[in-house]
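Engineer: Take this structure, written in structure tokens, and hold onto it; I'll ask about it next.
Residue numbers (my numbering): 2 to 118.
Now the structure itself:
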């Protein structure tokens, strides 16, 4: 099973959905983890720490999402990347479904199973 972690695209968002420590735990549990290059930079986690934790680091966000079963996000998945997701993939993040109903509908139309935290 593959977990994907993207760089946040929201202005001034410095958080990342998984630290290198968490990635190491996912790897130990048997998950493959792919993370977008620079995803942890705002939280001061360099790409090399993710590599050391066992993650594959990719420059292209579509490559990160390719075949992902689980997508972890802080603030959501931008519309321009919806075409890269696998139907039936699970998206977890702080998605604010009560104030972003249109965005949640687009995620559902893309075939994602969405959990708002």
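The beta carbon of each residue, even a glycine, is placed where N, CA and C say it ideally should be.
Everything numeric in this text was worked out from a predicted model, so none of it was measured.
Assuming residue 108 is part of the alpha helix (DSSP H), what are its boundary residues?
Structural biologist: As a first step, residue 108 must be located in the chain shown, where it is residue number 107. From DSSP, the alpha helix (DSSP H) with residue 108 extends over 102 to 110.
Engineer: Just tell me which of 83, 103, 18, 66 has its CA closest to the CA of residue 2.
Structural biologist: The residue you call residue 2 lines up with position 1 of the chain shown. Of the candidates 83, 103, 18, 66, the one whose C-alpha sits nearest the C-alpha of residue 2 is 66.
Engineer: Could you give the C-beta distance for residue 115 and residue 99, rounded to a whole number, given that I count them as a contact under 8 Å?
Structural biologist: Your numbering for residue 115 matches position 114 in the chain shown. Your numbering for residue 99 matches position 98 in the chain shown. Their Cβ separation, rounded to whole angstroms, is 13 Å, which puts residue 115 and residue 99 out of contact at 8 Å.
Engineer: Check residue 37 in the structure and name its three-state DSSP category.
Structural biologist: Walking along the chain shown from the start, residue 37 turns up at place 36. Residue 37: strand per DSSP, three-state reduction.
Engineer: Pick out whichever of 30, 56, 17, 69 has its Cα sitting closest to the Cα of residue 44.
Structural biologist: One-based indexing of the chain shown puts residue 44 at position 43. Cα-wise, what sits closest to residue 44 is 17.
Engineer: Check each candidate in 52, 103, 88, 39 and name the one with the smallest Cα separation from residue 9.
Structural biologist: For the purposes of this step, residue 9 is identified with residue 8 of the chain shown, where counting begins at 1. Considering only alpha carbons, the answer is 39.
Engineer: Using only CA atoms, which one of 55, 19, 20 lies nearest to residue 29?
Structural biologist: Here residue 29 is taken as the residue at index 28 of the chain shown, counted from 1. Answer by Cα proximity: 55.
Engineer: If contacts are defined as beta-carbon pairs under 8 Å, then residue 94 and residue 74 qualify, I think. What distance do you get, rounded to the angstrom?
Structural biologist: Locating residue 94 in the chain shown gives position 93, counting from the first residue. Locating residue 74 in the chain shown gives position 73, counting from the first residue. Yes, they are in contact, since the Cβ atoms of residue 94 and residue 74 sit about 4 Å apart, within 8 Å.
Engineer: Exposed or buried, residue 119, counting other C-beta atoms within 10 Å across all chains shown (16 or more means buried)?
Structural biologist: Look at the range of the chain in this structure, 2 to 118, and you will see that residue 119 is not part of it.
Engineer: Identify whether residue 92 lies in helix, strand or coil by the three-state DSSP scheme.
Structural biologist: In the chain shown, the residue the question calls residue 92 occupies position 91. Three-state result, residue 92: strand.
Engineer: Give a yes or no on whether the C-beta atoms belonging to residue 48 and residue 58 are separated by under 7 Å.
Structural biologist: Within the chain shown, numbered from 1, the residue matching residue 48 stands at position 47. Within the chain shown, numbered from 1, the residue matching residue 58 stands at position 57. In contact: residue 48 and residue 58 (Cβ atoms closer than 7 Å).
Engineer: Assign residue 85 to one of three DSSP states: helix, strand, or coil.
Structural biologist: For the purposes of this step, residue 85 is taken as residue 84 along the chain shown, with counting starting at 1. Helix at residue 85.
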